[in-house]
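J.: Sharing a structure here in structure tokens format.
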Amino acid sequence: MSVFYQDFHQIYRVPELDALGWLEHGFGTRLVDIPEMYRSLATLKQIHSATCVAAKGRRGELGAGDALLENTPGAAVAVRTADCIPILLADERNRAVAAVHAGWRGTVAQIARRAVEAMRERFGSVPADVHAAIGPGIGKCCYEVGPEVAAHFGEEGRARIDLAEANRMQLVASGVTAERIYASNLCTMCRPSEFHSYRRDREAAGRMYSFAGIRAAVQ
Numbered sequence: 032m033s034v035f036y037q038d039f040h041q042i043y044r045v046p047e048l049d050a051l052g053w054l055e056h057g058f059g060t061r062l063v064d065i066p067e068m069y070r071s072l073a074t075l076k077q078i079h080s081a082t083c084v085a086a087k088g089r090r091g092e093l094g095a096g097d098a099l100l101e102n103t104p105g106a107a108v109a110v111r112t113a114d115c116i117p118i119l120l121a122d123e124r125n126r127a128v129a130a131v132h133a134g135w136r137g138t139v140a141q142i143a144r145r146a147v148e149a150m151r152e153r154f155g156s157v158p159a160d161v162h163a164a165i166g167p168g169i170g171k172c173c174y175e176v177g178p179e180v181a182a183h184f185g186e187e188g189r190a191r192i193d194l195a196e197a198n199r200m201q202l203v204a205s206g207v208t209a210e211r212i213y214a215s216n217l218c219t220m221c222r223p224s225e226f227h228s229y230r231r232d233r234e235a236a237g238r239m240y241s242f243a244g245i246r247a248a249v250q
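In my numbering, the protein residues as written are 32 to 250.
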């Protein structure tokens, strides 16, 4: 299991992804302004869906959906979260990436599985070549839901749901090897000094950016 670490910008990174010299990546905190640092980001109007969008080197908001795909050198894609699970995918063979936003609705809609499929369809990605990093989100320790939501996860009555694990299982089912799935195990609600949390702070909560991109000068 990977241990995420913070760089000097207070961005969480994954050592195994650092080893891919062509890849830019990071999971932002409430302490850093990612859009200010990375002005070339592409984003989406996130709608808690299984919709995947190809960025094709474009910048700014590219429509509605919950996963952005990219393989253009010098371009980066990002999602915004404040309890939902951010997932970054990197195809080491084809040098392609995806940024995924997985709340409970997106998880039920299988957005992680769909993103892996979309990378295969668009870039020829083989799941065994894909690395997946599951970033900070609300943990099972804090995510108690009512019966209607719990039922989607096979639970009865009120229950605590592990969104990160649900998405990890989707990735494994999609063919991503367990050894290439890295989980932060960081709960956004538990760590107010580092992370925004909608459940904790409601309308006062900000959003954190998680991003992945291809370096313009590939190493």
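For every residue, glycine included, the Cβ atom is placed at its ideal position computed from N, Cα and C.
In angstroms with no decimal places, state the Cα-to-Cα distance between residue 193 and residue 246.
T.: Position 162 of the sequence shown, counting from 1, holds the residue named residue 193. Position 215 of the sequence shown, counting from 1, holds the residue named residue 246. Roughly 33 Å between the two C-alpha positions.
J.: Quick check on the burial criterion: 16 or more other C-beta atoms within 10 angstroms. Buried or exposed for residue 224?
T.: The residue you call residue 224 lines up with position 193 of the sequence shown. Under this definition residue 224 is an exposed residue.
J.: Near residue 171, which residues of its chain fall below 7 Å by C-beta distance, leaving aside the five closest residues on each side in sequence?
T.: Along the sequence shown, one-based indexing puts residue 171 at 140. Closer than 7 Å at Cβ, skipping near neighbours: 191, 192 and 193.
J.: Within the chosen definition, does the segment 198–212 reach the segment 175–184 through at least 3 CB pairs nearer than 8 Å?
T.: These segments do not touch.
J.: With burial defined as no fewer than 16 other Cβ atoms inside 10 Å of the residue's Cβ, what is the status of residue 36: buried or exposed?
T.: Taking the first residue of the sequence shown as position 1, residue 36 is located at position 5. Residue 36 should be labelled exposed.
J.: Since residue 142 and residue 209 should fall inside the 8 Å C-beta cutoff, what is the C-beta to C-beta distance between them, to a whole number of angstroms?
T.: Along the sequence shown, one-based indexing puts residue 142 at 111. Along the sequence shown, one-based indexing puts residue 209 at 178. Their Cβ separation, rounded to whole angstroms, is 19 Å, which puts residue 142 and residue 209 out of contact at 8 Å.
J.: For residue 153, which residues of its own chain have a beta-carbon under 7 Å away from its beta-carbon, when the five flanking residues on both sides are left out?
T.: To locate residue 153, count along the sequence shown from 1; it is residue 122. 85 and 100, listed in sequence order.
J.: Taking the alpha helix (DSSP H) that residue 67 belongs to, which residues open and close that run?
T.: Position 36 of the sequence shown, counted from the first residue, corresponds to residue 67. From DSSP, the alpha helix (DSSP H) with residue 67 extends over 65–68.
J.: Nearest-angstrom Cα distance between residue 298 and residue 112?
T.: Because the chain is modelled from 32 through 250, residue 298 falls outside the range shown and cannot be assessed.
J.: Determine the burial state of residue 55: buried for a count of at least 16 other Cβ atoms within 10 Å of its Cβ, exposed for fewer.
T.: As a first step, residue 55 is located in the sequence shown; it is residue number 24 there, counting from the start. It is buried - the Cβ of residue 55 has at least 16 other Cβ atoms within 10 Å.
J.: Within a Cβ cutoff of 7 Å, which residues of the same chain sit near residue 156, ignoring the five residues on either side of it in sequence?
T.: Residue numbering aside, residue 156 sits at position 125 when the sequence shown is read from its first letter. Hits under 7 Å: 122, 125, 127 and 150.
J.: Using alpha carbons as the reference points, say which of 45, 73 and 115 lies closest to residue 15.
T.: With the chain covering only 32 through 250, there is no way to say anything about residue 15.
J.: Tell me whether residue 169 sits in a helix, a strand or coil according to DSSP, three-state version.
T.: Within the sequence shown, residue 169 is the residue found at index 138, counting from 1. Here residue 169 sits in coil by DSSP.
J.: How far does the alpha helix (DSSP H) with residue 145 in it reach, from first residue to last?
T.: Mapped onto the sequence shown, residue 145 falls at position 114. 142–154 is the extent of the alpha helix (DSSP H) around residue 145.
J.: Given this structure, state the Cα-to-Cα distance separating residue 68 from residue 242, to the nearest angstrom.
T.: Sequence index remark: in the sequence shown, residue 68 carries index 37 (1-based). Sequence index remark: in the sequence shown, residue 242 carries index 211 (1-based). About 11 Å.
J.: Considering just the uninterrupted stretch of the beta strand (DSSP E) at residue 122, what are its terminal residues?
T.: As a position in the sequence shown, residue 122 is number 91, starting the count at 1. Note, residue 122: beta strand (DSSP E), 116–122.
J.: Between which two residues does the alpha helix (DSSP H) carrying residue 229 extend?
T.: Stepping through the sequence shown from its first residue, residue 229 is reached at position 198. Residues 229–232.
J.: Would you mind reading off the limits of the alpha helix (DSSP H) that contains residue 136?
T.: Here residue 136 refers to the residue found at position 105 of the sequence shown. 135–139 is the span of the alpha helix (DSSP H), which, as asked, contains residue 136.
J.: What separation, rounded to the nearest whole angstrom, lies between the Cα atoms of residue 162 and residue 79?
T.: Walking along the sequence shown from the start, residue 162 turns up at place 131. Walking along the sequence shown from the start, residue 79 turns up at place 48. Approximately 23 Å between the Cα atoms of the pair.
J.: Determine the burial state of residue 178: buried for a count of at least 16 other Cβ atoms within 10 Å of its Cβ, exposed for fewer.
T.: The count along the sequence shown starts at 1 and reaches residue 178 at position 147. Label assigned to residue 178: exposed.
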